[in-house]
Structures are given as structure tokens and as C-alpha cells.
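**Q** From first to last, the protein sequence lines are chains A and B. Adding 7 to a residue's 1-based position in the first sequence gives its number in this note's numbering. Adding 1204 to a residue's 1-based position in the second sequence gives its number in this note's numbering. Every residue, glycine too, gets a C-beta built ideally from N, C-alpha and C. Can you read through this structure? Questions will come right after.
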Amino acid sequence: MLAEKYAARIDQIFSKYPTKRSAVMPLLHLAQEEFGYVNEEAIQQVAVLCDMDPTQVQSIAGFYTMYSERPKGKYWLQVCTDLACALRGADKFHKELKEHLGVEEGGTTEDGLFTVEHVMCLAACDKAPMLQCNFHFEENLDMDKMKARIEAWRAEAAAEKSGAKKASAKTKA
Amino acid sequence: MVTAMTKLVKVIIDDREYDFPAGMNLVDAAKQVDVTIPVFCYHPKMKPVGMCRMCLVEVGNIQKDRATGEVLLDDSGNPQIRWMPKLQTACTMNVSDGLVLRSTSKAVDEARRNVVEFLLTSHPLDCPICDKGGECPLQNQTMEYGPGESRMNFEDKKHLDKHVPLGDLIFLDEERCIQCGRCVRFQAEVAGDDVLAFHERGRDLQIITVSDPGFDTYFSGNTTDICPVGALTTTDFRFGARPWEMNSVPTLCNHCPVGCNTSASTRLDRDFGGKTMIKRIMARQNEQVNEIWMCDKGRFGHHFTRSEDRLLQPMVRAAGGSLSRETWADAVAAAAKLLGDANGSVAVIAGPSATNEDLFTLKQLAAGVGSTRLGAWPPTHAGADLVAKVGVGKGTNLSNLGKGDAVLVIATDLEEEAPIWRLRVKTAHDRGAYVVVANARKTRMDDFADAVTMYQTGHAATAFADLRKQHPEVAERLINANNLVVFAGAEGLTLDGSRALMQACANFLIETNHVGRANNGLVGVFPGANAMGQHYLGFSPEATRDIIANPPKVLILAQADVVADDPAAAAWLSKVETVISLSLFDDEATRQAKVVLPVQSFAERDGSYTNGERRVQRFYTAQGPIGEAIPAWQAVARIAEKLGQGKARLSAAQVMNDIVAAIPAFAGCKYSDLAKVEAQFPQVGGDDLYYGGTSYKNTGGLGVQIASAADNGEAVALGDVKADAVKGDLIVVPTVRLYNRERVFQASEAQLMAARVAAPYVEINAEDAARLAIHDGDMVQVSAGAAQPVKVRAHVNGAAPKGTVLLPRNLQQTATALTIAAGTVTKV
Ligand code: SF4
Ligand code: SF4
Ligand code: FES
Ligand code: FES
């Protein structure tokens, strides 16, 4: 339960707003962090916390692209294809990125590492084409630059994995 | 509402000057002077949101000299107008002095064409198989304002799910939805249950619900009326018929005291032997009664009229004991003989769906054989006589209640007993009225009440009489309210307790001067459609009590399903020598009757009811006849004729003429008076359906409200409040559920609703449950008073106060306690 696990953080979030209802968005972010995406569990718990009807919470989660209602990869790549980016070749970049990773729009790679989707303007038009990976911007992109980033993320994930293995081996020993 | 206080402002619409009350929006204002501004998202019963852009118009202002306030003129002497640079949404703009509006122009026409074209880029255009086709605002406005041809590629259309059940009763076609949000806003603003919302955005947007329970409020059907496309359809009607092949017949809902005006859409139908059949029921506008709304019970609860259990022929019990079919002439003769031979020992008990005409004819018949014993069924609610004295004043319209006014709801759950009153009290609350809910338990009305006061089970009258002491701040608000309406029921009260409460309410209203004026006074939340008619025509629950205590030789049961309602009925009925039953169904009472006369339901005949606000309203014949059933009044009149009491009348209208002549309350209630209509706001139906939805325009009559004694200026005296309460360790309180297994709701075909009736249960307080070692979900046996014990499931859900168990009536075939009684609950 979020309410128990993150009691202090939730209190702190509530303290910033006049009504409980107003805290729905930060709480949805918290739930997304916890569950990896906004699942049914997340909706129900946030609804109880904010004293709202779950349908209204789901509606908010559905409206904003920064909430994902489907499970997604470790690296969530949101490519802007809006006007300014499109003028700088974002559509092509988006297509090539999908081909490179072998996924469809909104899909996740088989190793569970990458999810690619396109989004509306992220307000970094001057550095187009761009994308955000887990809410951090990657700017002035081209495929070469991107391939390098992807390799770096793969390495990072692999390191984390073996690190985790070592750590668990250590605790066992 | 326009009152003398409202400031008027001058507005020019399409070159003509008009006065409008300040604060009115441009769509409504234009509508009032017959200028059409097309809309999709705006609905006159809900707040504007400016989402669809269909209402774009040109708006400007007459220029005035800042210093002098003089209107500036142009070279040719006309006022100078400063036009706003862009088109404005008329629904989100209010009238103001000097505002100039152009409802058509090149720019406006083009804007509308673009909006329609844009809506259609994502629309499936499956009108030929769409339930709304023929009465669809999108269809009509496309014809009127649309481009005729699309420039879009049909292949690029968005394909979404076309059969999404939003609840058990309503289906969503996601492709047809034009995202106007009317359904979402209806649920949030009008019904007060925000279980619908948008999901995603742009073309992916859909209506969703993930609530539990989902979209199954009692008001869900109304969304299909206001949805401007065929996106929302009812499970009951979808694919049932095309709008243009149906006739609409003005009728009334007779399930509760609200008396919603409805319209039956009928056609000749194979499923009904080629006879005229009701295919759907929709609301018919009566702003003073149900506005443009109705509840799902009324909308979907018409199947019983075609139930296989309907009685088809008159029957008479032979000497041997079995019922055999007879002709009407023989059955009438048999009944007449029984009555003639009874030596005046005759009584009548009439049920809640007997019409004014039925009741009057019964009264005449009884008088003719020397009896004045006229009982009203069920004998649970007293005080209709007090409502006749201090009932809500003539001209009352709950929609006029707002800031400074107050509503008290006591001893009833309006949501279950009179849903549209619940809806109208809720919207009154939203307009600023102070709403107090007083009960012995929690109800869903508490959710929006401004004050909730609880009293001990059975002590409504004393609690109310003590209100000034116990809750002075609440009492103060009620006393000082400009207008005060009190809704009083009889939950948890004996018949005497109910009288005491009604008297306490009447006293309070008289003392605080809230009687004899519109929007002030008492409303009895009585069972059925015609409790006030029963009162005015001489039928009372007290007489029923007397009939039960002193059984007559011959008892006429007129649409009173006494055995299904009252567990003691079998016993008291056995003391009556002869029962003559006028009934729709082959029910228990019928099985004990000597003469059984099949009568018509509201669907197959015409007649009138007197609703809870004392409005006499008329309904018309909608459906083809069933078997040999005739209207109850006609059956009764034929018996009277046989007894030599005079010729039977030929029509219900003639009977009403007799009522008007004999009963002063009904003065001015001739059928022609009841059929009168006047313009109502907002306009709905027909050419106006783009604006108010498909709810029907009222062409059948708005009815006539009977004046209360206070309205007539008669002095109304205070009365003694004689409290009466039941004592016991555990008290069983019968409650009412809207969806129940009453004969006039339940029917073989109505699987749709059958699934929605709760399984029999009893609600018990956690402390009592612990003491009796009962857990939530256990099967228990409940006995109350003299009633046969019933086995039901226990719900330990916080609904029942300590020492009280709540046992809904009519959830099972066998009768449970009709009124409050001490009882026991044991685990089985
Ligand atoms: S379902 Fe109908 S009422 Fe609801 S948003 Fe869609 S078009 Fe409007
Ligand atoms: S509120 Fe009452 S009268 Fe109106 S439709 Fe529902 S049951 Fe019928
Ligand atoms: S258009 Fe891509 S960031 Fe603005
Ligand atoms: S924007 Fe005015 S009616 Fe929709």
C-alpha cells in the first residue's frame, strides 16, 4: 500500500495543496514510480487517498502522456514529433529508432529495456529532434548519437543486473 | 428564473432589439426569441463548457462615449458597433447591455460547416443501423449546416469499439461519440454520481467508467436522451425499432408518487401478436414535475404490462371450489349478486395504481350497497389529509428553490422511494438551498445534505418536534428560510407514528408560516402513484386497518396485492367471507377470490392520477388490449349498473366529469383542462432536439394542481402529536428498494431489470451482529411481529443503527414485515 510505504512523502505532497483532490497528479506519479506504470491498483489507491471516484483518477491518467497505463520498458523513450521537431526530421528519426530497436509504436523490446512512443511538443523545440527518456531530455539527436546512447543504456542495465546478482550473492554468503 | 428583481438588458440579435434578464447565456436568449444557434455540448440543464464550438457566432458591442455615455453614431446615423475580432462561443457568453449578436453570416456559416466536417472525419456514419437515426442532432445539423461532402479519406477513419457496456443498461458506441461530455456532466452535475469520465484525448477519447458499482445509477437512461448522437443506447431498446415508425403516446409513470410525465413510443409489433406495443418509454417534459428526466425504473419497468402472468378472462368460483372462465356478463352478474346479498357488509381496499376514475367508481358502488368502508393499500403512510391541508402551495416548482430556501427530508430515502425528487432536491441544493436529511439511519441523500440529523429508530415525530432544542442551528435555518418544503415518509414508523410525524411537520410549517404559498409546504412520500387520489376520493389507511380488524362479508380488492405485501394478509383475508378481486395478475388474493375480474394496466387504457404534489395528471391509451381485460372503473361501473345504480359511463373522461361535479377538490380537472399545455423552457423534442435532447415535448397536458386548504385561505389548525413507537431489543424496520420484486415491476420478460433486483438481505449493526454471532454474508432467519420468519443474507455493512435491523420489502416472493415491529435475528 502506498499509504503505508510512503506515508511521509504523501503527507508532504498533501501539505502543498488546499484540497486532497488537488494532489492527484503527484500521487499518480508516485504510484507510477512504485508500480512501473499506472495500473488498476494505482488508480484505486490514489482514488482512496484523494477521496475521488476512481473513474476520475483514470481519466486524469488517460489524459496526460506522462502517465503510462501499460507496462513499459526500463527506458521509456518518448519522441517528440510535433511541428518544430517534425520540421527537423523527427518523423524519420522516430521511424528509424523503432526499426533499430525492432518495435512498433508504443511497443517494448523483447528484453524489456526500451519502449518507444511519440508525443506532442515537449518544449525543447530549439533542440529538435529530441526525445525524453524517463523524463530526462536527450536533445539535438540523430541516429548515430542515438545508437551510442542505446548502447550506453544497455551497458548500464547489464551492469545493474550483474551488480544486483553480486549483491544478492554477497548477502547469501 | 425571471423575477421582478432581475435586471433586464438590451441586446440586438439579428438586427432586432430585445430585453433579456441579465445573466442569461446567448444560446438560451436567442432560443427564447426563436433564433436558433446550433449546439452539441451545451445543454440548458447543465453548465456550459464551450467544448464543441458549434455555437460560434459574431458578437459585438455598441460603442458609447466614455465621458457622456452617449451612443456613438457612424456617418449614416447608426450606432457604431465594435465587432470582436474572432467568432465567440454563444454558450459561454452572457447577455449584456448593448451586446449585438449575428447568428448567421459568412464567417459563422463557414465555422459551422467546418465544425460539422471535422466531427464527421471520425464518425462512422452508420445512421442506417443507428438507434438515433431519425432523431439525431448530429444528423439534423449535418443536413442543416454541414458541408454535404467530406474531403477526408474514409480509410483514415478511426475505428473504435462499438459495443461497450457502460453498465447493465447502457451501451456505448465509441465511434459515434462526438465528445460533447453531456453524459459525463449529467452524471456529475445532475445525478451527483461522477462515475463517467473522458479517457485519452483527441480522436482516441472515449467515455469510461472504472467505478464500482459502475454506471448503474437510477438515472442512467437520461444520458441516452441528451446524448446528441447514437453513442449511448439502452440495452432495452437498442435495435428495437426506428424512431419514425413509432407513435408517441403521452402517458405517466405509476411506480412512485413523483408521477413523471412520460411518452410511450409504440408500434404494431410481431412480438405482441401484431398489436400496438410499447417499445420504449421516455421522459415527457413537465418542468414542474420531472423536468425532462425520469428514472430507470419508469423507463424500463414497462415489461410487466405484457407479462405472461396477466389475467386474460373473468373467472367465477363454482360451488365446488375451482375458478372457471366466464363471460363478462356472467362474472358481473355474480359479483353484483354477492354485493347485493351482503346486506351492506361490504368494504373496498384499493391499491396504489388504481386511478382516480377507478377509485371514484368504487366509492360510488360501495355507497350504492350501503358501505363507506374504503381502505387504501398499503396501510403504511398516514397524513394524506394533512397534505391536503398544508401541502406544497399551488404553483410549486422545486426548480425554483435555491439560495435562501430550505428542504427537509425526513423518514424516507428519496433515492429509493421517489428518485426524481431526490434528483430535484440535489439540484436545489446545488443552487444554494439548505438541505436537511433526518433519518434513523444513513442514506445516500446524506452525501449532499447540508445537515444530517439522526434520531432513534421510530422516534421521527418527537425528534422533529424537539428539533429546535436538539439542533437549534438547523431549526433556525429552516424557520428563517424564504421557502421551505418538507418531504416526509414513514420509514420505521407505525401507522400512528406516521400520523404523528405528519402532524409534527404540519405544525412546524404552520408555525413558521411556510404554508399556502408556492414552494412551501408538505409533501408526503407515499407509496405508489395515487395516494393523494386515494385521499381525495375517500380511501384511507385507517379504514384499511379497520377493515382488517372487522372483516366485512364481501371485500373488493382493487389492484391491491395484499398477500404479497403483508405477511398477516392470509390470516385476515380468511376471515372475509367473499373476495371480489380486480387484478392485473393471477396473484394470491385472486386465488382466494370468488369473482376475478381482469383489469387493464396503465398501458392499455386512459385515466388520471393525482401525484404526491397533488397534481392531477392524465394518461392516454398506449398499448393494445390484453385478453378480455377492461379498465377497472368500467368493470366496477358494470357491476353498479347490474345493481340498478345507474348506467355505466362510456369513457374515463365522463367519469372524470362526475368526479369534478361531486368532489370539490377536483374542480377544474376535466380532461380538457388536464390536457392543456403551455410553452416550457427549455424546448425539447421535435425540431428542438439538438438543444434539449430527445425527451418528449409535452403535448398531452401539464395537469392541474389541486389547491391545498391553506392555498384556499382556510385556517389550518395545529394538531396534537401523539407519538407512537415500537419497543424491543431488536427492531425490524422495513425499507423500500426501488428495484424490487413487486408484481408491477417484475415480469418474465424483464430479465434486464430482474438481474438488477438485489437478492433478499437484511442489514444489521456490527455490535448486534457480534452479540448474535452473525458475520457478514451469513444466512439468517428474521422474524418480526406476527410475520412468518424469512431466511435472508445478513449484511453487516454499517447501514443499520444499533438495535435496528433493516429488512427491505418485496425482495422475495413471501411477504416480510409491512411495518416496524420488534423481532429477532438468528443464524441458520
Ligand atoms: S457518449 Fe454521447 S453524451 Fe457522452 S460525450 Fe459522447 S456524444 Fe456526448
Ligand atoms: S421517479 Fe417515480 S414516477 Fe418518475 S420514473 Fe421513477 S418511478 Fe416513475
Ligand atoms: S515540437 Fe518537439 S519539442 Fe516542441
Ligand atoms: S461550444 Fe457552445 S455548444 Fe458546444
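Going by alpha carbons, who is nearest to GLN1410/B out of ALA1998/B, PHE1870/B, ASP1420/B, GLN1383/B?
**A** Translated into positions along the second sequence, residue 1410/B becomes position 206. Ranking the options by Cα distance to GLN1410/B, first place goes to GLN1383/B.
**Q** In chain order, what residues of the same chain lie with their CB nearer than 8 Å to the CB of LEU1847/B, ignoring the 5 residues before and after it?
**A** As a working note, residue 1847/B is residue 643 in the second sequence. Here the set comprises ALA1540, LEU1543, GLY1544, LEU1569, GLY1572, VAL1573.
**Q** Between the Cα of ARG1945/B and those of ASP1769/B, MET1649/B, SER1787/B, THR1240/B, spot the shortest distance and give me the residue it belongs to.
**A** The residue labelled residue 1945/B in the question sits at position 741 within the second sequence. For ARG1945/B, the nearest C-alpha among the options comes from ASP1769/B.
**Q** My output table needs one value for CYS1295/B: the three-state DSSP class, helix, strand or coil.
**A** As a first step, residue 1295/B must be located in the second sequence, where it is residue number 91. Note: CYS1295/B maps to helix in three-state DSSP.
**Q** Is DSSP giving VAL2009/B helix, strand or coil here?
**A** For the purposes of this step, residue 2009/B is taken as residue 805 along the second sequence, with counting starting at 1. Three-state DSSP puts VAL2009/B in a strand.
**Q** Does DSSP put PRO61/A in a helix, in a strand, or in coil?
**A** Translated into the one-based positions of the first sequence, residue 61/A becomes position 54. It is helical.
**Q** Write down the C-beta distance between ALA1664/B and GLY1608/B rounded to the nearest angstrom, noting that I regard them as a contact closer than 8 Å.
**A** Position 460 of the second sequence, counted from the start, is the residue given in the question as residue 1664/B. Position 404 of the second sequence, counted from the start, is the residue given in the question as residue 1608/B. Wrong, their Cβ atoms sit about 26 Å apart, outside the cutoff.
**Q** My output table needs one value for CYS132/A: the three-state DSSP class, helix, strand or coil.
**A** For this step, residue 132/A is matched to residue 125 along the first sequence. Helix, per DSSP.
**Q** Provide the residue span of the beta strand (DSSP E) that contains THR1939/B, from first to last.
**A** Translated into positions along the second sequence, residue 1939/B becomes position 735. Its beta strand (DSSP E) spans residues 1935 to 1939.
**Q** Could I get the ranges of all uninterrupted alpha helix (DSSP H) runs contained in the segment 31 to 105 of chain A, with 4 residues as the minimum, in chain order?
**A** Listed in chain order, the complete alpha helix (DSSP H) runs (minimum 4 residues) inside the segment 31 to 105 of chain A are 31 to 42, 47 to 57, 61 to 70, 90 to 94.
**Q** Taking the alpha-carbon of GLY1264/B as reference, which of GLY2002/B, ILE1285/B, ALA1445/B, CYS1245/B has the nearest alpha-carbon?
**A** Locating residue 1264/B in the second sequence gives position 60, counting from the first residue. For the residues GLY2002/B, ILE1285/B, ALA1445/B, CYS1245/B, the minimum Cα distance to GLY1264/B belongs to ILE1285/B.
**Q** Just verifying my parser: in three-state terms, what is the DSSP assignment at ASN1357/B?
**A** Taking the second sequence and counting its residues from 1, the one referred to as residue 1357/B is at position 153. Correct three-state label for ASN1357/B: coil.
**Q** For ALA166/A, count the other beta carbons within 10 Å of its own beta carbon; 16 or more makes it buried, fewer makes it exposed. Which is it?
**A** One-based indexing of the first sequence puts residue 166/A at position 159. Its Cβ having fewer than 16 others within 10 Å, ALA166/A is exposed.
**Q** For my contact list, ARG1703/B and ALA1580/B are in at a C-beta cut-off of 8 Å; report their separation, rounded to the angstrom.
**A** For the purposes of this step, residue 1703/B is taken as residue 499 along the second sequence, with counting starting at 1. For the purposes of this step, residue 1580/B is taken as residue 376 along the second sequence, with counting starting at 1. About 13 Å separates the two Cβ atoms, so there is no contact after all.
**Q** Looking at C-alpha atoms only, which residue of ASP1654/B, THR1647/B, ASN1643/B is the closest neighbour of ALA1632/B?
**A** Taking the second sequence and counting its residues from 1, the one referred to as residue 1632/B is at position 428. The candidate whose alpha carbon is nearest that of ALA1632/B is ASP1654/B.
**Q** Touching or not, the segment 1406 to 1426 of chain B and the segment 1872 to 1881 of chain B, by the rule of three or more beta carbon pairs under 8 Å?
**A** With a cut-off of 8 Å, the segment 1872 to 1881 of chain B and the segment 1406 to 1426 of chain B do not count as touching, because too few Cβ pairs lie within range.
**Q** Compare the C-alpha of LYS134/A against each of CYS87/A, ALA10/A, LYS154/A, ILE67/A and name the closest.
**A** The residue given as residue 134/A occupies position 127 in the first sequence. That would be CYS87/A, whose Cα lies nearest to the Cα of LYS134/A.
**Q** Please confirm whether any heavy atom of ligand 3 lies closer than 6 Å to the CB of CYS132/A.
**A** Indexing the first sequence from 1 puts residue 132/A at position 125. Yes, the Cβ of CYS132/A comes within 6 Å of a heavy atom of ligand 3.
**Q** Strictly under 7 Å for the Cβ-Cβ distance: is ARG95/A near chain B by that measure?
**A** As a first step, residue 95/A must be located in the first sequence, where it is residue number 88. With 7 Å as the cut-off, ARG95/A does not count as an interface residue toward chain B.
**Q** Nearest CA to the CA of ALA1919/B: which residue from ASN1711/B, VAL1611/B, ALA1522/B?
**A** The residue labelled residue 1919/B in the question sits at position 715 within the second sequence. Selected option, being the one with the closest Cα: ASN1711/B.
**Q** Against chain A, does VAL1414/B count as a neighbour if the rule is that its beta carbon must be under 7 Å from one of theirs?
**A** On the second sequence, residue 1414/B is found 210 positions in, with the first residue counted as 1. By this cut-off, VAL1414/B is an interface position.
**Q** If the cut is a Cβ gap below 7 Å, which residues of chain A does VAL1399/B touch?
**A** Mapped onto the second sequence, residue 1399/B falls at position 195. Result: ASP60, THR62.
**Q** Which complete beta strand (DSSP E) runs does the segment 1868 to 1896 of chain B hold, if anything under 3 residues is left out?
**A** Taking only runs of at least 3 residues, no beta strand (DSSP E) segment lies wholly in the segment 1868 to 1896 of chain B.
**Q** Taking only heavy atoms of ligand 2 into account, decide whether any of them is closer than 6 Å to the Cβ of PRO1623/B.
**A** Sequence index remark: in the second sequence, residue 1623/B carries index 419 (1-based). Yes, since a heavy atom of ligand 2 falls inside the 6 Å radius drawn around the Cβ of PRO1623/B.
**Q** So, is the C-beta of GLN1950/B closer than 7 Å to a C-beta in chain A?
**A** In the second sequence, the residue the question calls residue 1950/B occupies position 746. No, because no Cβ of chain A sits closer than 7 Å to the Cβ of GLN1950/B.
**Q** Please work out which residues of its chain come closer than 6 Å, Cβ to Cβ, to ALA1445/B, disregarding the five sequence neighbours upstream and downstream, and give them in chain order.
**A** Your numbering for residue 1445/B matches position 241 in the second sequence. Answer for ALA1445/B: ARG1471, LYS1483, listed in chain order.
**Q** Would a C-beta distance cut-off of 7 Å place PHE121/A and LEU108/A closer than the cut-off?
**A** Position 114 of the first sequence, counting from 1, holds the residue named residue 121/A. Position 101 of the first sequence, counting from 1, holds the residue named residue 108/A. Cβ atoms of PHE121/A and LEU108/A: closer than 7 Å.
**Q** Of the residues VAL1888/B, THR1584/B, ASN1560/B, which one's Cα is nearest the Cα of THR1856/B?
**A** Start at 1 with the first residue of the second sequence, and residue 1856/B comes out as number 652. Thr is not the amino acid found at residue 1856/B; the sequence shown has Ala there. Looking at the Cα atoms, ASN1560/B is the closest of the given residues.
**Q** Using C-beta distances below 8 Å, list every residue in its chain close to GLN1343/B, excluding the 5 sequence neighbours before and after it, in chain order.
**A** One-based indexing of the second sequence puts residue 1343/B at position 139. The answer, listed in chain order, is CYS1331, LYS1336, GLY1337.
**Q** For GLY1477/B, collect the residues of the same chain with a Cβ closer than 6 Å to its Cβ; drop the 5 residues on either side in sequence, then sort them by chain order.
**A** Counting from one through the second sequence, the residue named residue 1477/B turns up at place 273. If we look at GLY1477/B and ignore the five residues flanking it on each side, it has no Cβ neighbours.
**Q** Please state whether DSSP places VAL1206/B in a helix, a strand or coil.
**A** Taking the second sequence and counting its residues from 1, the one referred to as residue 1206/B is at position 2. Only weak support exists for where VAL1206/B lies, its pLDDT of 46 falling under 50; the value from the coordinates is given anyway. Residue state, collapsed to three classes: coil.
**Q** How about the segment 1346 to 1365 of chain B and the segment 1446 to 1453 of chain B: do they share at least three Cβ pairs that are nearer than 8 Å?
**A** The segment 1346 to 1365 of chain B, when compared against the segment 1446 to 1453 of chain B, does not touch it at the 8 Å Cβ threshold.
**Q** Under the assumption that VAL1215/B contacts ILE1266/B (Cβ atoms under 8 Å), give the Cβ distance between them as a whole number of angstroms.
**A** Reading the second sequence from its first residue, position 11 is the one you call residue 1215/B. Reading the second sequence from its first residue, position 62 is the one you call residue 1266/B. In fact, because the Cβ distance is near 10 Å, the residues do not count as touching under 8 Å.
**Q** Which residues have a Cβ closer than 6 Å to any heavy atom of ligand 4, listed in chain order?
**A** This selection yields VAL1243/B, PHE1244/B, CYS1245/B, TYR1246/B, GLY1254/B, MET1255/B, CYS1256/B, ARG1257/B, MET1258/B, CYS1259/B, THR1293/B, CYS1295/B.
**Q** Determine, using beta carbons only, whether PHE1423/B comes closer than 7 Å to chain A.
**A** Within the second sequence, numbered from 1, the residue matching residue 1423/B stands at position 219. So, not an interface residue.
**Q** Should ARG1386/B be counted as a contact of ligand 1 given a C-beta to heavy atom distance under 6 Å?
**A** Along the second sequence, read from residue 1 onward, the residue named residue 1386/B stands at position 182. For ligand 1, at least one heavy atom lies less than 6 Å from the Cβ of ARG1386/B.
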